[in-house]
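Trainee: I'd like to ask some things about the structure below.
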Ligand code: 0GY
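Numbering (this note's numbering), first residue to last: 227 to 522.
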């Protein structure tokens with residue numbers, strides 16, 4: 227029997243986030259969030275590096291409504307490995323208001339991919355964060371990329387800033403749209419105009435198939451809540467430069483937070499400092515995610 231005891235130090239998601247003052251545009255999409263279990267119904271993967279608290283689809287819908295959003299993109303988290311049943315269950319229950327990003331293995335069949343597509347999956351996630359997964363070999367990932375390309379899906383990549391140089395050529399060889407989680411996790415104690423973030427901006431500038439999630443202040447910021455001031459200039463720089471290729475999400479239920487649990491209302495309230503006009507907010511929260519997730 228797997229052990230479902232939560233990893234020590236792991237904080238549960240915020241039970242009563244504030245109601246944000248910022249009202250998202252009609253049809254807004256939370257384009258990065260997860261469901262965890264419930265573990266007794268959807269067991270966590272044996273190879274997982276952490277065991278989360280439960281975070282169910284109904285709890286996610288509750289947060290969506292509370293924050294004033296209309297839709298979710300649910301991203302398969304590493305604690306569920308390549309078993310997408312909790313994700314598919316949530317998508318099937320969403321009445322078309324959720325799409326998904328799955329994790330699959332290289333030997334996945336076309337039928338299995340089609341079934342995921344029918345449930346609402348539109349992408350796969352390749353994770354390179356060493357504390358979350360064993361480093362994946364590239365060959366199987368390229369096989370997956372070729373298979374999912376046929377369905378018009380994209381690839382979501384998650385990596386640490388220090389690893390970008392190593393993976394740059396691999397990432398830019400991927401044959402689909404590519405969405406980068408959490409701006410490639412910049413060190414926000416440095417300048418957004420400095421040489422480290424310049425390499426990430428170059429990736430977006432020179433590769434028009436690359437998109438970016440301006441997410442995760444709670445993981446990146448040293449300034450911290452409620453305003454996450456050191457995170458904001460990085461996200462704003464990306465939105466200003468690439469307004470048609472950015473996405474926003476809560477990252478609920480915020481896996482692996484150990485110092486503070488974020489209040490999701492605070493996250494929504496920094497959106498107008500990241501996307502500073504109604505036009506930019508419409509693109510970030512509605513037009514871009516609808517194009518990527520609801521157009522096929
Ligand atoms: C995130 C971030 C994290 C975890 C995962 O799949 C995951 O387990 O993505 C993290 O610990 O940084 O985007 O949810």
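Ideal Cβ placement from N, Cα and C applies to all residues, glycine included.
Following a CB-centred definition, is residue 301 positioned closer than 8 Å to any heavy atom of the ligand 0GY?
Mentor: In this structure, the C-beta of residue 301 approaches the ligand 0GY to less than 8 Å from one of its heavy atoms.
Trainee: Which same chain residues, not among the five before or five after residue 427, have their C-beta less than 8 Å away from its C-beta?
Mentor: If we look at residue 427 and ignore the five residues flanking it on each side, its Cβ neighbours are 463, 464, 467.
Trainee: Can you round the beta-carbon distance between residue 441 and residue 408 to whole angstroms, since I take them to be within the 8 Å contact cut?
Mentor: 5 Å
Trainee: Ordered along the chain, which non-local residues of its own chain (more than five positions away) have a Cβ less than 7 Å from that of residue 261?
Mentor: Apart from the 5 residues on each side of it in sequence, residue 261 sits with its Cβ closer than 7 Å to the Cβ of 281, 282, 283, 286, 300, 312, 313, 316 in its chain, given in chain order.
Trainee: For residue 351, write down the residues that DSSP places opposite it in a beta bridge.
Mentor: 382
Trainee: To the nearest angstrom, how far is the alpha carbon of residue 227 from that of residue 355?
Mentor: Confidence in residue 227 is poor, its pLDDT being 43 and thus under 50, which makes the residue's placement unreliable; the coordinate value appears in the next sentence. Near 27 Å, if we compare the C-alpha coordinates of residue 355 and residue 227.
Trainee: Is the beta carbon of residue 259 sitting closer than 9 Å to the one on residue 277?
Mentor: no
Trainee: Alpha carbon to alpha carbon, how far is residue 359 from residue 268? Give it in angstroms, no decimals.
Mentor: 20 Å
Trainee: Return the Cβ separation of residue 491 and residue 233 in integer angstroms, given the expectation that the two are a contact with Cβ distance under 8 Å.
Mentor: 26 Å between Cβ atoms; not a contact.
Trainee: Give the DSSP-derived three-state secondary structure of residue 308 in the structure shown.
Mentor: coil
Trainee: Between residue 238 and the ligand 0GY, is the CB less than 8 Å from at least one heavy atom?
Mentor: Because no heavy atom of the ligand 0GY lies under 8 Å away, the Cβ of residue 238 does not count as near it: no.
Trainee: What do you reckon, is the C-beta of residue 470 under 8 Å from a heavy atom of the ligand 0GY?
Mentor: Not under cutoff, so the answer is no.
Trainee: By Cβ distance below 8 Å, which residues in the same chain neighbour residue 342 in space, the five residues on each side in sequence not counted?
Mentor: 310, 314, 326, 328, 330
Trainee: Looking only at DSSP bridge pairs, what is residue 256 linked to?
Mentor: 298
Trainee: Quick check: does the Cβ of residue 305 come within less than 8 Å of any heavy atom belonging to the ligand 0GY?
Mentor: yes
Trainee: State the Cα-Cα distance for the pair residue 394 and residue 421, rounded to the nearest angstrom.
Mentor: 15 Å
Trainee: Just confirm the distance between the C-beta atoms of residue 494 and residue 246, as a whole number of angstroms; I'd bet it's less than 8 Å.
Mentor: 4 Å
Trainee: Following a CB-centred definition, is residue 384 positioned closer than 8 Å to any heavy atom of the ligand 0GY?
Mentor: The answer is yes for residue 384.
Trainee: Decide if residue 241 is buried, meaning its Cβ has at least 16 other Cβ atoms within 10 Å, or exposed.
Mentor: exposed
Trainee: Exposed or buried, what is residue 250 when buried is set at 16 or more other beta-carbons lying within 10 Å of its beta-carbon?
Mentor: buried
Trainee: Should residue 355 be listed as close to the ligand 0GY, given that the test is whether its C-beta is under 8 Å from any heavy atom?
Mentor: yes
Trainee: With a threshold of 8 Å on Cβ separation, who are the neighbours of residue 169 within its own chain once the five nearest residues in sequence on each side are excluded?
Mentor: Residue 169 is absent from the model: the chain starts at 227 and stops at 522.
Trainee: Find the nearest neighbour of residue 472 within the set 403, 417, 270, judged by alpha-carbon distance.
Mentor: 403
Trainee: Which value, in whole angstroms, describes the spacing of the CA atoms of residue 397 and residue 383?
Mentor: 8 Å
Trainee: Drop a sphere of 10 angstroms on the beta-carbon of residue 476, count the other beta-carbons inside from all chains shown, and report buried for 16 or more, exposed for fewer.
Mentor: buried
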